[in-house]
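Residue numbers (this note's numbering), protein chains in the order written: chain X, 170 to 749; chain E, 170 to 749.
Beta carbons are placed, not taken as given, at the ideal position from N, Cα and C, and that holds for glycine.
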């Protein structure tokens, strides 16, 4: 059985708010086990007013509020939502799509955008040692409330808390701009209105923006992703474009098997907007099965294009012989279900992050976003308060093919999964590291170590043009461990980087440590000349505490690659293979 | 079976945070059907850190956040929590007690207080036409963030949004102070620090505070009541004192039979605090059975001592032949369950509030805090968008005996229930009306009309000393209907005021309209001389659109009571009984 949204739209809704019609349509779909909900090609608008409201803990978003959801796809299966090329336009704070306990759901052929986005743009018209002036476009409403610059987002009034500087020529973050006029640096600035639509920012400048560049003015919370997947399996998203989201493009939590094909987070043609989503394009926390991305474009979002990770929980109390109290440490992981009954758990010390024991979860009980009780079949000997746990059942494989990422804020691919990872035939450019392989239980608490990563046939265009804000090299392998070089163990394993092309303006290609098994071979390296060199790295490859390293067959115009491996300075071709 | 909290307190908890021990103790009580949880007499501290977290819609509080709950008493029955005289001290934003689906629960012998309350006090040390200065006590930490005065409450930084002026001689709101330096009036003031601990407020003053008086500085949200009852039956609270709550003292929603005996919201002896709870002392929304208050003292809270009401829902769409979309209109009623399946519903026009039809609820479905779908056995003829519904099943009787209310902000008893109401032998003083009988579907949406109210043997001390901010007369009967005098029907019925003593500084005793059946007899009236007269009312009793009125046997030192009834000016003793 297939429904068309037209069956649920009353005359009064047409051209108006589609939200309630969708709510009713999904209810009917659930009741009738319908297989498709079709949208005749058109533009549909959605307001939060009559949307379903739900409290939900969303990983890597600001916590604490109720969300309004336009498409609440809960407890459904074998349904396709087909936009047939329609545009879905949202208004104010809301989540377009949330799928929960959904099996074999497909979203396709639609675009997601907001009438007014959760950022605004102004041009830098003058800049000095301790000030700069912004000219606001004439069609943008803003207010000064006391000395704060305020924009409306839906019914909310939101204060600007940062500026991102974007070069209209590249449509990317300006060279070496970074976050240097956002957050704490922004707080030191005094804003005032010095003429019609002309805003002056005065104060100590950590970075002086360039006249002619555009400042994306950031406000609001990281609250509403474009698509939220939670406890879903076999989700497919095809030919879906997100032009804006007041949060991430897509977040998946505890999902099995996700396929994104021609899923784009991209600028909308015909507008002058230089920002898409206000956070990551895609983000996968505690998933399993295969995460597959093909022919996706992620551009101009205000955080990483793709992050795949688990979440470390911190043991804060031993409650009984089989139960511990576990804390979710990072503010943006609060309430995320990182373990459920039946999952395999690995214990590690928080300083080394090297696993020392395993157990199986028997029961969990959430107390709050901060804490849950975890009962296990067996508590390991030597368990200590402060140790961390990692979920070994929910570890996904990742395949990324024929995707392009560019012109966003921060990094490229963040890979923190012990599953099989293949990045092949992608085009990657980012103002930070193009690929970041991390893992830490000290700041973001994103687990875990990689075991099998293949990076081949990709083209790396300029990366790290805001260095060192978001990375040290094009590929940055950086477990954030207190003493990464202490102990016998290596955190990461088996990273193969081969047959890629690096076109870069600076020296650094790979920076890494605590790796057992590293191959860098048959890559081509050429100079782009796009930006001045910043010389953050003195050599192309710098590795510490590594073993089983092969660096061979690479082609660089400037001659053999310069390297420093475990304290030894070398050039490619020096006989290193066997020593390491 | 009885437990003592000591069984759940580990050494590490003693003198520290009792929250997690209580969580574990309640879990064990639930598992073992225990009948009492005892607290050896002591001082117990509670922090929100390890408290249970829950989203809950709380009537007449600010919505939108997760709450932390120290005593989450959910789905329990026949349990007594006995503090045995203990003090429970809370820290930061949290709800001390929340009972949900609890039957025959008793709380007794304990006090609730906060280490640092959600207000601070400063003395007025100088005042002029357009400024006043506050001296902060030396032990109070405050900050100026830009030009805003900020206090910490737990981990939060909260901006001051208003001042309440309190006269230390009476420990009550200063004569004619009202809310005139809070909210919008506050926003017009510019605050600055002109010396150590000395804060100057400058700007247009709607009210100039008096040097020597105390300003209670208000900040934070109305978020966490001291005790929250939801869907409970047969709750008893005895010998419990609330010295502070960052919200109301007690809120009950959809509860059956509540008995409060020696339940006080009162100042703590030995402190200089002049404020207790930051909102109502007690508040009952959509309850039924008997609400019984005896020997309670409610003083110095920053809103009414007792409010009993239903909630009107507004019909915003006709969805099908048996289903309507209903809106909860007031921001502080969002999400409250005003109807459930089986309840009897009455329909009324929003302008007259006179019921025109009845039906029975078959099903409800909450969409958000704003909206729910309501299916009925039968939609009445002539139903229109904009009509309101009222729940006729959840209507409580109210008995208040030997209680004292005084020195709070706003009104005294707010009675908006069609049940039997008896207020007997109470002592009532408030800066607004001592008793307010209202009902409206235009601003607060608090239903419904009274049918049987007896007010006898009470002593009314000075009321309305901040007039007209919170009332017109000592007893103010005021359905807020658009055209209260239009139509045949009367909103309220059967209000008997007899054998009371009124000791008041001003003229007005009763102001009312739209009443069928009003008796005011055998009351004694004397002049207190406590304050200058403000002459808001010219006569002792003013009534419009009333019938079946008896005003007789009253004793006033100044001679017969002056009245204006249905446009006629009279003195008591004029032959009015039969004409009306």
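- Between the stretch 608-626 of chain X and the stretch 471-487 of chain X, the count of Cβ pairs shorter than 8 Å is three or higher; the stretches touch.
- Between residue 219/E and residue 653/E, the alpha-carbon positions lie close to 52 Å from each other.
- Cβ contact annotation for residue 468/X (same chain, cutoff 6 Å, sequence separation greater than five): 435, 575 and 576, in chain order.
- Residue-level contact check: residue 575/E does not touch chain X, since none of the beta carbons of chain X fall below 9 Å from its beta carbon.
- The Cβ atoms of residue 429/E and residue 401/E lie no closer than 9 Å to each other.
- Within the stretch 512-540 of chain E, the residues whose Cβ lies closer than 9 Å to some Cβ of chain X are 534, 535, 536, 537, 538, 539 and 540, listed in chain order.
- DSSP places residue 548/X outside any alpha helix (DSSP H), giving it a letter other than H or E.
- About 20 Å separates the Cβ atoms of residue 715/E and residue 671/E, ruling out a contact at the 8 Å cut-off.
- Counting the other Cβ atoms within 10 Å of the Cβ of residue 634/E gives 16 or more, which makes it buried.
- Against chain E, a Cβ distance below 7 Å from residue 234/X picks out 233.
- Only exposed fits residue 313/E, as fewer than 16 other CB atoms lie within 10 angstroms of its CB.
- Within the model, the alpha-carbon separation for residue 265/E versus residue 185/E is close to 16 Å.
- Against chain E, the CB of residue 568/X has no partner CB under 9 Å away; the residue lies outside that interface.
- With 16 or more neighbouring CB atoms inside 10 Å of its own CB, residue 452/X falls in the buried class.
- The Cβ-Cβ distance between residue 568/E and residue 489/E does not fall below 9 Å.
- The Cβ atoms of residue 632/X and residue 673/X sit closer than 9 Å to each other.
- 217, 218, 219, 220, 221, 222, 223 and 224: these are the residues of the stretch 216-227 of chain X whose beta carbon lies less than 9 Å from some beta carbon of chain E, given in chain order.
- DSSP, read as helix, strand or coil, puts residue 195/X in helix.
- According to the DSSP assignment, residue 336/E belongs to no alpha helix (DSSP H) but to the beta strand (DSSP E) extending over 325-336.
- The beta-carbon of residue 331/E is placed no less than 9 Å from the nearest beta-carbon of chain X.
- Judged by DSSP secondary structure, residue 566/E falls within the beta strand (DSSP E) whose first and last residues are 565-570.
- In this chain, the beta strand (DSSP E) harbouring residue 433/X covers 425-434.
- Counting the other Cβ atoms within 10 Å of the Cβ of residue 324/E gives fewer than 16, which makes it exposed.
- Fully contained in the stretch 630-692 of chain X are the following beta strand (DSSP E) runs of length 3 or more, in chain order: 644-646, 661-667, 670-673 and 679-690.
- Under the rule that a run must span 4 or more residues, the alpha helix (DSSP H) segments found entirely inside the stretch 338-363 of chain X read 352-356.
- Three or more Cβ pairs closer than 8 Å define a contact, and the stretch 249-262 of chain X meets that threshold against the stretch 205-220 of chain X.
- Around residue 192/X, the beta-carbon contacts reaching into chain E at under 8 Å are 536.
- Put simply, of 243/E, 253/E and 461/E the residue whose alpha carbon is nearest the alpha carbon of residue 202/E is 243/E.
- With a cutoff of 9 Å on beta-carbon distance, residue 566/X and residue 677/X are scored as not near each other.
- At a cut-off of 9 Å between C-beta atoms, residue 315/X counts as an interface residue with respect to chain E.
- Here residue 225/E is near residue 397/E, since their CB atoms are less than 9 Å apart.
- 9 Å or more divides the Cβ of residue 319/E from the Cβ of residue 384/E.
- The secondary-structure analysis by DSSP pairs residue 573/X across a beta bridge with 466/X and 596/X.
- With a cut-off of 8 Å on Cβ pairs, the stretch 677-696 of chain X is in contact with the stretch 650-665 of chain X, counting three or more such pairs.
- The beta carbon of residue 685/E lies closer than 8 Å to those of 659, 661, 662, 663, 715, 716 and 717 in the same chain, with the five residues before and after it left out.
- The CB of residue 237/X comes closer than 8 Å to the CB of 537 in chain E, given here in chain order.
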